[in-house]
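Undergrad: Before I ask anything, let me first share the structure, which is written out below as structure tokens.
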Amino acid sequence: MQKLDVVTFGEAMAMFMADRPGPLHEAGRFTLGLAGAEANVAIGLARLNVRTGWVSKVGKDAFGKFIMKRLKNESVDISRVRMDDKHPTGFQLKSKVKEGDPEVQYFRKGSAASRWVPGDFDKAYFLKARHLHMTGIPLAVSGSFRSFARQALAFMKENGKTVSFDPNLRPSLWPSVHEMIRQVNQSAFQCDWVLPGIREGAVLTGSDKPGEIADFYLEKGVKLVVVKLGEEGAYYKTASEEGTVSGFKVRKVVDTVGAGDGFAAGLISGLLEGLAIREAVIRANAMGALAVQSPGDHDGYPTKTELDDYLEKNGEPRKE
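Spelled out as structure tokens, the structure:
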């Protein structure tokens, strides 16, 4: 395996998407797809020609094989994905909506991914990467996966790698909101780039003001905070600069799931290329705008050529 630009880890699930709009219990037919925040980011990065590895466990079952095939077809390195013959691959049901946020139900308890332990950590593989991207989901899936995540984070920092962190809060996976906030922030404080949504930031910091959310993490040693503002764009701040980048206009929002992961892929790719922070945030906003115009979690993610064409035609969005 050659050098990687980015490595990430997390749980991927089979996703059954309803074929017609309406509540899940009335759906008659579903289409099989792939879901998982970190897998989405890996796909988004790979489409932008960023060499990316995804690390996980899946069941030795049809769903696990489906996930492996999909990621391999996206040119994501899956050489460190393990197949578990004792525990299943998780799955989820997702409603179809004419516009906005779909209904999602998860079936992931006791999944293969929840069985990760620190002993599964492959130091040599992680060392191949320049950057680690992680989310708050592995911290919530199980105690052993949380330990694995903490080990990966500490190892990458000790070896001079950069680390990005998207909280991706999942309250239903935590025993309490208090515990979720404590555990997620504990990891966030150790990362270089923290990427909360505005609502997540309010939960984690107690403030709904982007600048105060950013300061909360900057004061703990984080180097860059980018607060996602939905259709309004994003706010970014470091110790020496800050700014707001307006979002791109979208005629119709088809599905918001995966937009934040696309945003992360755009930002990470830009920063690793050496773009100025503002330019990287513009790219991230473009990824998010393209993502919400397609029904799947990552179906709308563009290739590098498609993204460049979109940015050339649209430029940096301006507030009217």
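Residues 155 to 474 in our numbering are what the sequence shown spells out, letter by letter. Idealized CB from N, CA, C, for every residue including glycine.
1) Please report the distance separating the alpha-carbon of Q156 from that of Y279.
2) Just the C-alpha distance for A172 and E180, rounded to the nearest angstrom, thanks.
3) First and last residue of the beta strand (DSSP E) that includes T359?
4) Cα-Cα, which of I422, E366, I436, S341 is closest to A388?
5) Is the separation between the beta-carbon of K282 and that of L158 shorter than 9 Å?
6) What are the residues that DSSP puts in a beta bridge with M288?
7) Given this structure, state the Cα-to-Cα distance separating S210 from V235, to the nearest angstrom.
8) Grab me the residues of R174's own chain with a C-beta within less than 8 Å of its C-beta, minus the 5 sequence neighbours each way, in chain order.
9) From the beta carbon of A189, is the nearest beta carbon of chain D less than 9 Å away?
10) Report yes if the C-beta distance between F170 and L186 is below 9 Å; otherwise report no.
11) In the DSSP assignment, what residue or residues form a beta bridge with E396?
12) I'd like the list of long-range same chain contacts for K406, defined as Cβ closer than 8 Å, with 5 residues on each side in sequence excluded.
13) What are the start and end residues of each continuous alpha helix (DSSP H) run of 4 or more residues lying completely inside the region 363–392, in chain order?
14) Got a sec, what are the start and stop residues for the beta strand (DSSP E) K248 sits in?
15) If you follow the alpha helix (DSSP H) that T459 is in, where does it begin and where does it stop?
TA: Short version:
1) Mapped onto the sequence shown, residue 156 falls at position 2. Mapped onto the sequence shown, residue 279 falls at position 125. Roughly 10 Å separates the two Cα atoms.
2) As a first step, residue 172 must be located in the sequence shown, where it is residue number 18. As a first step, residue 180 must be located in the sequence shown, where it is residue number 26. Taking the straight line from one Cα to the other gives about 9 Å.
3) The sequence position of residue 359 within the sequence shown is 205, counting from 1. Note, T359: premise wrong, no beta strand (DSSP E); alpha helix (DSSP H) at 352–359.
4) Taking the first residue of the sequence shown as 1, we reach residue 388 at position 234. The option with the nearest alpha carbon to A388 is I436.
5) Counted from its first residue, the sequence shown places residue 282 at position 128. Counted from its first residue, the sequence shown places residue 158 at position 4. Yes, these two residues count as a Cβ contact at 9 Å.
6) As a working mapping, residue 288 is identified with position 134 in the sequence shown. F319, per the DSSP bridge assignment.
7) Here residue 210 is taken as the residue at index 56 of the sequence shown, counted from 1. Here residue 235 is taken as the residue at index 81 of the sequence shown, counted from 1. Answer to the nearest angstrom: the Cα atoms are 5 Å apart.
8) Counted from its first residue, the sequence shown places residue 174 at position 20. Once the five neighbours on either side are set aside, the close Cβ partners of R174 are A181, G182, R183, K250.
9) In summary, chain D is missing from the structure at hand, where a single protein chain is found.
10) Here residue 170 refers to the residue found at position 16 when the sequence shown is read from its first residue. Here residue 186 refers to the residue found at position 32 when the sequence shown is read from its first residue. Contact flag set, yes.
11) As a first step, residue 396 must be located in the sequence shown, where it is residue number 242. In the DSSP output, where bridge partners are listed per residue, E396 has K391.
12) Translated into positions along the sequence shown, residue 406 becomes position 252. Correct list, in chain order: E253, Q447.
13) 364–372
14) What you label residue 248 is simply residue 94 of the sequence shown in a count that begins at 1. From DSSP, the beta strand (DSSP E) with K248 extends over 245–250.
15) Here residue 459 is taken as the residue at index 305 of the sequence shown, counted from 1. It spans 458–468 - the alpha helix (DSSP H) in which T459 sits, taken as one unbroken run.
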